[in-house]
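Asker:
2 protein chains.
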Amino acid sequence: METNLVDAVLISSKSNVFYLSDFYGLSQAEREAYCFVTKNNAFLITSPLYEHDIKHNGLTTIIISRDNSLTKVLTEITQKESVKTIGYENTNITVFEFNQLQKINVKFNPLFIGNIRIEKTKEEIEKVRRACEIGDKVFDYILDEIKIGRSEMDIAARMEIEMRKNNCLPSFSTIVAYGKNAAVPHHSAGKDKLEENQFVLLDFGVINEGYCSDMTRTIYFGKPENFEKKVYEIVRASQEKAVKKIESLLEKNSRVDAKQIDKVARGHIISRNFPEFPHSLGHGIGIDVHESPSLSPFSKDTLAEGMVFSIEPGIYIPGKIGVRIEDLFTIQDNKLRKLTNSPVDLLVL
Amino acid sequence: METNLVDAVLISSKSNVFYLSDFYGLSQAEREAYCFVTKNNAFLITSPLYEHDIKHNGLTTIIISRDNSLTKVLTEITQKESVKTIGYENTNITVFEFNQLQKINVKFNPLFIGNIRIEKTKEEIEKVRRACEIGDKVFDYILDEIKIGRSEMDIAARMEIEMRKNNCLPSFSTIVAYGKNAAVPHHSAGKDKLEENQFVLLDFGVINEGYCSDMTRTIYFGKPENFEKKVYEIVRASQEKAVKKIESLLEKNSRVDAKQIDKVARGHIISRNFPEFPHSLGHGIGIDVHESPSLSPFSKDTLAEGMVFSIEPGIYIPGKIGVRIEDLFTIQDNKLRKLTNSPVDLLVL
Chain S
1 METNLVDAVL ISSKSNVFYL SDFYGLSQAE REAYCFVTKN NAFLITSPLY EHDIKHNGLT
61 TIIISRDNSL TKVLTEITQK ESVKTIGYEN TNITVFEFNQ LQKINVKFNP LFIGNIRIEK
121 TKEEIEKVRR ACEIGDKVFD YILDEIKIGR SEMDIAARME IEMRKNNCLP SFSTIVAYGK
181 NAAVPHHSAG KDKLEENQFV LLDFGVINEG YCSDMTRTIY FGKPENFEKK VYEIVRASQE
241 KAVKKIESLL EKNSRVDAKQ IDKVARGHII SRNFPEFPHS LGHGIGIDVH ESPSLSPFSK
301 DTLAEGMVFS IEPGIYIPGK IGVRIEDLFT IQDNKLRKLT NSPVDLLVL
Chain E
1001 METNLVDAVL ISSKSNVFYL SDFYGLSQAE REAYCFVTKN NAFLITSPLY EHDIKHNGLT
1061 TIIISRDNSL TKVLTEITQK ESVKTIGYEN TNITVFEFNQ LQKINVKFNP LFIGNIRIEK
1121 TKEEIEKVRR ACEIGDKVFD YILDEIKIGR SEMDIAARME IEMRKNNCLP SFSTIVAYGK
1181 NAAVPHHSAG KDKLEENQFV LLDFGVINEG YCSDMTRTIY FGKPENFEKK VYEIVRASQE
1241 KAVKKIESLL EKNSRVDAKQ IDKVARGHII SRNFPEFPHS LGHGIGIDVH ESPSLSPFSK
1301 DTLAEGMVFS IEPGIYIPGK IGVRIEDLFT IQDNKLRKLT NSPVDLLVL
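Residue numbers (my numbering), protein chains in the order written: chain S, 1 to 349; chain E, 1001 to 1349.
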């Protein structure tokens, strides 16, 4: 609070509310709860739908409704506790909500807490690791189900059923892309049917106890030509170079500059005369699929102890092919540790 | 546009972008696309991840990136087309985003488009109806799987696997609540195991082609006592009274005042000396699980042709029991039509 120069903070983003209170809720899209933390108290503010259900990390529960609005509740607390300044998530509160909050006689300051979750505890990393383990299981399972004539949607559905059998939901809509479809990094699984001699790109993740995994494998169905093998090998080497770079910096106890890692991987692909990927090399992951740190050309982050992130270079040739390899890593005890364990060598079915 | 007194509109909410452009994207939580509509042009603005993939209802695609930001793109278009005023979704744009947009030399007016999707086309209703049909199938399937000793989470998982087998994902996290757990309307499926002589509340829905279903059934496992049968019957009759009221108003071509419908159902429960439910009688549904119209004591909506909404009264006695029955309805050809078709009489397993 001191660095933010505020007397209290209002947390509204679903992920930060979960982080602070363990409140998960039902809806991704709707506002279901807030945390409000003053110098003396911590409150979970939610709707009557969750009354009688709430023991959340020792927070005091307040139920809001039409007659007892958020504005009214915050007015009472701020008066009672002489709060003059509230920090709020300006990247999450809408203009409409902000206008409502203006009725409270305090000053609102934007709160820069985008990365409070950047350094994970052992327990958090274990939840991601377990999500990765289930991801590996789903990958292993689906290899036997990739058959000629089956659509991308069919394969995606089979993968998501397998996730659910492991008590997990997908962390995002599973990507299955055949052949040229994989040249679109966020292609949605469609009706195209698998034919011989194509790459099959699978990008997917699961949510385990509120924490996400994310991995990509590109396998070959049929008999790959030399060009295809070459593209795959450049992507694999690009990832390996990033990994080696992090390892060597950690060993020397040097700063692991995230944008330098992006540059190493990206540079390898450019040096082989292939187009650079139109996305970051990697992203932090945890409660959100995408969170801090960022491994991009513009990143100011340093990769450090307790962080969890992806390394996912790719080569995309529009109308032709797409190859991406993505694994999750963490830094523990000053060592880079891989959380996904499926093989990265080109798999030919 | 005329009623909003603007030259152009910026659509940012995921649901409205999908409604206008068919762009669905991968993430619920992140901003992946905008629609920008001027008097002369309609644009879909998205990221390089979706390049080479985009044919969206004839909209012109613009790719944004760090070097070609939303602000820069909108500045160019507004200058070229002499746009002076932009309507924006103030219930969706964050304070941070709004501050970025201020760099553009135009006036921003809040846009009241919360209910542009309130009246559905035949095609949209058909998508919801098909979602309901799959919901009915899932309910039918799960009845055989409700067995002593099985946890709420186990039943929820089985239901979501069945949804996925029907090429659908859940429209929200499936609620399974045994006995007293059902007294919390939004209880999350937990580890409690099924015992004899309990209500089992199932509240769930699926997404079919981007459109949601939502239904609740409360069945009895064991031998219900008279009190339990009475509670169930009051909830069932409450729903029936709301349905009959709508039907009679439609028949007389009278205005169907949504808050009056809520009052009829709520009043029936109060008249039997049970506590009123701590939620609305119903909500509109479509691309979002909750959208316009609202059937609540404070609603100003009129239920009319093409609307799709739930009717879901309940009785909740904290620490004891909870019963809710929820079906989806639409008004077509001035008639109330039920979209969910599972029986509403008390089912005893």
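Even glycine gets a Cβ: it sits at the ideal position worked out from N, Cα and C.
Since the model is a prediction, treat every value here as computed from it, not as a measurement.
Thinking residue 179 of chain S and residue 196 of chain S are a contact (beta carbons under 8 Å), I'd like their distance in whole angstroms, please.
Answerer: Between residue 196 of chain S and residue 179 of chain S the Cβ distance is about 11 Å, and since that is not below 8 Å, they are no contact.
Asker: So is residue 94 of chain S in contact with chain E if we call contact Cβ pairs under 8 Å?
Answerer: yes
Asker: Pick from E/1278, E/1266, E/1290 and E/1269: whose alpha carbon is nearest that of residue 1350 of chain E?
Answerer: Nothing can be reported for residue 1350 of chain E, as the shown portion of chain E is limited to 1001 through 1349.
Asker: From residue 1002 of chain E to residue 1091 of chain E, what does the alpha carbon distance come to, in whole angstroms?
Answerer: Model confidence at residue 1002 of chain E stands at a pLDDT of 46, short of 50, so the residue's coordinates are unreliable and nothing is read from them.
Asker: Along chain S, which residues have their Cβ under 8 Å away from the Cβ of residue 1160 of chain E?
Answerer: 164 and 169
Asker: Within the chosen definition, does the segment 100-120 of chain S reach the segment 65-76 of chain S through at least 3 CB pairs nearer than 8 Å?
Answerer: yes
Asker: Please go through the same chain and pick out, in chain order, the residues whose beta-carbon is closer than 8 Å to the beta-carbon of residue 168 of chain S, but skip the five residues on each side of it.
Answerer: 131, 134, 206, 207 and 208
Asker: Could you compute how far the alpha carbon of residue 219 of chain S sits from the alpha carbon of residue 201 of chain S?
Answerer: 7 Å
Asker: Considering only C-alpha positions, which residue in the set E/1030, E/1273, E/1274 and E/1279 is nearest to residue 1259 of chain E?
Answerer: E/1279
Asker: Check each residue of the segment 20-44 of chain S: if its Cβ is closer than 9 Å to any Cβ of chain E, include it; give the result in chain order.
Answerer: 24, 25, 26, 27, 28, 29, 30 and 32
Asker: Using only alpha-carbon positions, find the residue among E/1294, E/1322 and E/1211 that is nearest to residue 976 of chain E.
Answerer: A query on residue 976 of chain E cannot be resolved here, the shown segment of chain E reaching from 1001 to 1349 and no further.
Asker: For the segment 82-140 of chain S, list the beta strand (DSSP E) runs that are entirely contained and at least 3 residues long, ordered along the chain.
Answerer: 85-88 and 107-110
Asker: With 8 Å as the limit, tell me which residues of the segment 1227-1245 of chain E have their beta carbon closer than that to any beta carbon of chain S; keep them in chain order.
Answerer: Against chain S - using a Cβ distance shorter than 8 Å - the segment 1227-1245 of chain E contributes no residues.
Asker: For residue 338 of chain S, which three-state DSSP category applies?
Answerer: strand
Asker: Could you run through the segment 1262-1287 of chain E and flag, in chain order, every residue whose CB is less than 7 Å away from some CB of chain B?
Answerer: Among the chains of the structure shown, chain B does not appear; the protein chains present are S and E.
Asker: Assign residue 26 of chain S to one of three DSSP states: helix, strand, or coil.
Answerer: coil
Asker: Less than 6 Å between C-beta atoms, sequence neighbours within five positions excluded: which residues of the same chain meet that for residue 1156 of chain E?
Answerer: 1174, 1176 and 1189
Asker: Between residue 339 of chain S and chain E, is any beta-carbon pair separated by less than 8 Å?
Answerer: Closer than 8 Å: no.
Asker: Using the beta-carbon of each residue, which ones in chain E are nearer than 7 Å to residue 360 of chain S?
Answerer: Summary: the structure shown does not reach residue 360 of chain S, with chain S confined to residues 1 through 349, and so no result is reported for it.
Asker: Is it buried or exposed for residue 266 of chain S, if we count other Cβ within 10 angstroms and need 16 for buried?
Answerer: buried
Asker: If I follow the unbroken beta strand (DSSP E) through residue 38 of chain S, where does it start and stop?
Answerer: Note, residue 38 of chain S: premise wrong, no beta strand (DSSP E); not H, not E.
Asker: Identify which residue in E/1108, E/1020, E/1255 and E/1344 has its Cα closest to the Cα of residue 1238 of chain E.
Answerer: E/1344
Asker: Looking at the C-beta of residue 1091 of chain E, does it have a partner C-beta in chain S at a distance below 8 Å?
Answerer: yes
Asker: Here's a check: name, in chain order, each residue in its chain whose Cβ is nearer than 7 Å to the Cβ of residue 172 of chain S, leaving out the five neighbours to either side.
Answerer: 205 and 289
Asker: Could you tell me the distance, in whole angstroms, from the CA atom of residue 340 of chain S to the CA atom of residue 1285 of chain E?
Answerer: 39 Å
Asker: Checking contacts by CB at 8 Å: is residue 157 of chain S closer than that to chain E?
Answerer: yes
Asker: So if I threshold CB-CB distances at 8 Å, which residues from the segment 302-316 of chain S count as touching chain E?
Answerer: Listed by position, the residues of the segment 302-316 of chain S near chain E (Cβ gap below 8 Å) amount to none.
Asker: Can you give me the start and stop residues for the alpha helix (DSSP H) that residue 1266 of chain E sits inside?
Answerer: Here the alpha helix (DSSP H) through residue 1266 of chain E covers 1258-1271.
Asker: Name the residue from S/230, S/29, S/323 and S/330 whose alpha carbon lies nearest to the alpha carbon of residue 181 of chain S.
Answerer: Comparing Cα-Cα distances from residue 181 of chain S to each of S/230, S/29, S/323 and S/330, the minimum goes to S/323.
Asker: Are there any heavy atoms of the ligand ADP lying less than 7 Å away from the beta-carbon of residue 1176 of chain E, as far as the coordinates show?
Answerer: Only the bare structure without any ligand can be found here, which leaves the ligand ADP out of the picture.
Asker: Counting only Cβ pairs nearer than 9 Å, list the residues of chain S close to residue 1066 of chain E.
Answerer: 296, 297 and 298
Asker: Hey, which unbroken runs of the beta strand (DSSP E) at 3 residues or more fall wholly within the segment 215-256 of chain S?
Answerer: 215-221
Asker: Can you tell me which of the three DSSP states residue 1205 of chain E falls into?
Answerer: Here residue 1205 of chain E sits in coil by DSSP.
Asker: Quick one: Cα of residue 320 of chain S to Cα of residue 183 of chain S, how far?
Answerer: 7 Å
Asker: Terminal residues of the continuous alpha helix (DSSP H) containing residue 47 of chain S?
Answerer: Careful: residue 47 of chain S lies outside any alpha helix (DSSP H) and carries neither H nor E.
Asker: Select from the segment 1143-1154 of chain E all residues with a C-beta closer than 8 Å to any C-beta belonging to chain S, and list them in chain order.
Answerer: Cβ proximity to chain S below 8 Å picks out 1153 from the segment 1143-1154 of chain E.
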